[in-house]
Each structure stands twice: as structure tokens, then as C-alpha cells.
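Encoded as C-alpha cells, the structure appears first; notes follow it.
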Amino acid sequence: MYRAILGSLLAVVGIFIFGALRQLSTDNLIWGVIGFAAVIVVAYWVLMLFLEGIEDGVDTGYRTHSGDDRP
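Note that the numbering used here has the sequence shown beginning at 10, numbered continuously upward.
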């Protein structure tokens, strides 16, 4: 559940950060570089949340379905 909440908050923050990234086109380099770095950090964080969710959903136990329950 926390991944969904954190992912949603990061998406909202990412929208605002994208606005800071647009400052590169107006020659405001300080805000543009800060926006670029923040976009990289937020994208990495969202990707890690996504991969963590996939790993949680994968059943790691190996079991044959032939009726043989030996370890």
C-alpha cells in the first residue's frame, strides 16, 4: 500500500519538478540543473518502487504440479 501512496506523491512532485526542468530553455541554468537532477532522482525512485512491487508479486517457491510434494 505504501508503494502506491509514495508513487502517487512522487508523480505529483515529478510534475512540479518538470516545470523546473523547463527553466533550461529560458537560460535559468540553476533551476534547470536542479530540475534535471531531481527528475533523475524521482525517476530512479519510481523505478525502484516498481521493481520492488514486481518482486513482491513473484512467487519464488518452486513446486511441481504433478502431485509430487517432495522437497
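No residue lacks a Cβ here, since even glycine has one placed at the ideal position from N, Cα and C. Quick caveat: nothing in here was measured; it's all calculated off a predicted structure.
Cβ neighbours of Ala-47 within its own chain (closer than 6 Å, five residues either side excluded): Ile-26. If you look at Leu-15, you'll find it in the alpha helix (DSSP H) that goes 11-30. In the three-state DSSP reduction, Asp-36 falls in the coil class, being neither helix nor strand. Sequence-distant partners of Leu-19 (beyond 5 residues in either direction) whose C-beta falls short of 7 Å from its own C-beta, in its chain, are Val-51, Trp-54, Val-55. Cβ-Cβ distances below 6 Å link Gln-32 to Trp-40, Gly-41 in the same chain, with the five nearest sequence neighbours on each side left out; the list follows chain order.
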